[in-house]
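To start, the structure under review is shown below, and the notes come after it.
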Amino acid sequence: MNNPQEILAHCGKKFGSHWYHTQAGGGNISFKNSDHLFIKTSGSTLASMSDPGNTVEINLKEFNKIIGENRLNSDIQSSSATVENWLSSFKSTTGKTPSVESCFHSIGKPFVIHTHLVSAISVASSVKAEKIISEVEAISETQITWVPYYRPGWPLYRAIYERFFSNESGIFLLQNHGIVIYADTLEEAEFLFNNTQTALDSWLGRSSLPQALVDFDEITTDVFEVKSEHDILTYYANALTPDFVLHFGPGYQEVDSMNFEGSTGLYRFGDRLFIAGYGSSADGARDILRQQLQCCLDISKTGNIRFLSGNACQDLISWGPGKYSGR
10 MNNPQEILAH
20 CGKKFGSHWY
30 HTQAGGGNIS
40 FKNSDHLFIK
50 TSGSTLASMS
60 DPGNTVEINL
70 KEFNKIIGEN
80 RLNSDIQSSS
90 ATVENWLSSF
100 KSTTGKTPSV
110 ESCFHSIGKP
120 FVIHTHLVSA
130 ISVASSVKAE
140 KIISEVEAIS
150 ETQITWVPYY
160 RPGWPLYRAI
170 YERFFSNESG
180 IFLLQNHGIV
190 IYADTLEEAE
200 FLFNNTQTAL
210 DSWLGRSSLP
220 QALVDFDEIT
230 TDVFEVKSEH
240 DILTYYANAL
250 TPDFVLHFGP
260 GYQEVDSMNF
270 EGSTGLYRFG
280 DRLFIAGYGS
290 SADGARDILR
300 QQLQCCLDIS
310 KTGNIRFLSG
320 NACQDLISWG
330 PGKYSGR
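For the sequence shown, the working numbering begins at 10 and goes up steadily by one.
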């Protein structure tokens, strides 16, 4: 399989068809040669990469020049704005922009797989993450690098870049975010992903993909009640991932009525939770809630997890959901 579009379509279907691997427009898969980086467009889902209109081709030399000129800039805010504005101004033949996470896809090896794998988030967000990862390394027989939380985009790129050249295996677990795999071949990329997921799931005591432990009862065509036998009022009071923040904010909002007309978000009314206003994006919003609940339930194995701080949530909200979630 040598055609870039075929590679992206294959990987998008493989890693974008189940909420356990990634949710909504999260994650990205890329292939690069000496001249170009081929990657998903901003806001598109992995599963939609079979549509050529949802992938974009970036001139790699030009992109690396922009990145190189800004990498040593100690003013993170300034360099972040420069690089991310360059990406947002870049338009594909269909008028779409590349993923804001394209920066760390420019590093090193030809194949990069990044998903919001639930088991990776559970382990990487644990207060005992580094100890657990050392045990997962023993199961997988590979080196795995833990990356503490950084905002997606330029800050995360810098964090991965600083660690990339000391990691021979090319496997990174990102706190509050997911997994990144770098590989020389497609076969190696798929093996490393599958092997790491198997090791993570084994450590967590999972032998198969978990069932979604949250249901959604339709109230109207655009309002759904969130229901589960588990304590969702506790588990959804805070945000675990950037996806959660950029869809719902730092946690649910308490309201005094069920009038959700014109509203978009996650709402608590009494002891009930609702999502409203997501339209065609409702499936992605529901998957994000499934992901967070499963990660919270994994606390029984991982110990306490690190939710995003208030400052991290406000930073994401100021940065803007359009750059990441596709809303």
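We put the CB at the ideal spot given by N, CA and C, even for glycine.
What number of angstroms, rounded off, separates the C-alpha of residue i from the C-alpha of residue j?
i, j, result
"G187", "D280", "31 Å"
"Q86", "D226", "42 Å"
"G312", "E146", "19 Å"
"E171", "V232", "44 Å"
"K41", "I148", "30 Å"
"R215", "Q300", "15 Å"
"I190", "L201", "7 Å"
"K118", "E15", "18 Å"
"K74", "S115", "11 Å"
"G62", "S309", "42 Å"
"K23", "V136", "31 Å"
"S53", "S289", "13 Å"
"H45", "V121", "14 Å"
"N268", "D292", "21 Å"
"S59", "Y158", "31 Å"
"S211", "S143", "14 Å"
"T106", "H19", "21 Å"
"I66", "S98", "At residue 66 the sequence reads Glu, which differs from the Ile that was named. In a straight line, the C-alpha of E66 is about 14 Å away from that of S98."
"G25", "L55", "5 Å"
"I76", "N68", "12 Å"
"Q220", "S175", "37 Å"
"F72", "F173", "19 Å"
"N203", "I153", "14 Å"
Restricting to Cα atoms, I'd like to know which of the options is closest to residue i.
i, options, result
"L298", "Y166, E139 and Y276", "Y276"
"D84", "Q32, P164 and T54", "P164"
"S217", "H27, L17, P13 and Y166", "H27"
"E78", "V92, I67 and L96", "V92"
"T229", "P13, I75 and E270", "E270"
"N320", "A246, V254 and G293", "V254"
"A248", "I141, I314 and K23", "I314"
"W155", "T194, T102, G293 and L182", "L182"
"S64", "N12, S88 and H30", "Per the sequence presented here, residue 64 reads as Thr, with Ser not at that position. Checked all of N12, S88 and H30; the closest Cα to T64 is N12."
"L96", "I153, L81 and S51", "S51"
"K70", "W328, S175, F257 and S43", "S43"
"S318", "T102, G329 and N185", "N185"
"W328", "N94, I141, H30 and G25", "N94"
"G162", "S175, K140, A90 and N176", "A90"
"P259", "Q220, P219 and F316", "F316"
CB-CB under 7 Å to residue i, same chain, minus the five flanking residues each way: which ones, in chain order?
i, result
"V235", "V223, F225, I241, L282, F283, I284 and L298"
"L302", "L222, V223, S237, H239, I241 and Y244"
"D307", "S131 and L213"
"E263", "R277"
"Y166", "C112 and F113"
"L325", "R160, P251, V254 and L255"
"T273", "A285, G286 and Y287"
"Y261", "Y245, A246, L275, Y276, R277 and L282"
"V127", "Y29, Q300, Q303 and C304"
"T103", "G62"
For residue i, which residues in the same chain have their Cβ closer than 6 Å to its Cβ, ignoring the five residues on either side in sequence?
i, result
"K332", "At K332, the pLDDT of 47 sits below 50, so the modelled position is not reliable and the matter cannot be decided from this model."
"Y287", "A294"
"G35", "H125 and D252"
"A198", "F120, I122, I190 and A192"
"S57", "N63"
"S88", "N79 and N82"
"K100", "none"
Would you grab the beta carbon distance between residue i and residue j for me? Rounded to a whole angstrom, and I think it's under 8 Å.
i, j, result
"I48", "G21", "Not quite, the Cβ-Cβ distance comes to about 11 Å (not below 8 Å), so this is no contact."
"L209", "A138", "So it is not a contact: roughly 12 Å between Cβ atoms."
"T205", "I180", "6 Å"
"S134", "C322", "Actually they do not touch by this definition, with Cβ atoms about 15 Å apart."
"T151", "S178", "5 Å"
"Q32", "D265", "Q32 to D265, Cβ: 30 Å. No contact."
Please go through the same chain and pick out, in chain order, the residues whose beta-carbon is closer than 8 Å to the beta-carbon of residue i, but skip the five residues on each side of it.
i, result
"I141", "V132, S135, W212 and T311"
Going along the chain, which unbroken runs of the alpha helix (DSSP H) with 4 or more residues stay wholly within the region 30-95? Listed in chain order, the complete alpha helix (DSSP H) runs (minimum 4 residues) inside the region 30-95 are 69-80.
Starting from the N-terminal side, write out each stretch of the beta strand (DSSP E) that is 3 residues or longer and does not extend beyond the region 154-236. If we require 3 residues or more, the beta strand (DSSP E) runs fully inside the region 154-236 come out as 154-156, 180-183, 187-192, 224-229 and 232-236.
Which runs of the beta strand (DSSP E), 3 residues or longer, sit entirely within the region 265-334? As far as the region 265-334 is concerned, its whole beta strand (DSSP E) runs of at least 3 residues are 274-278 and 281-285.
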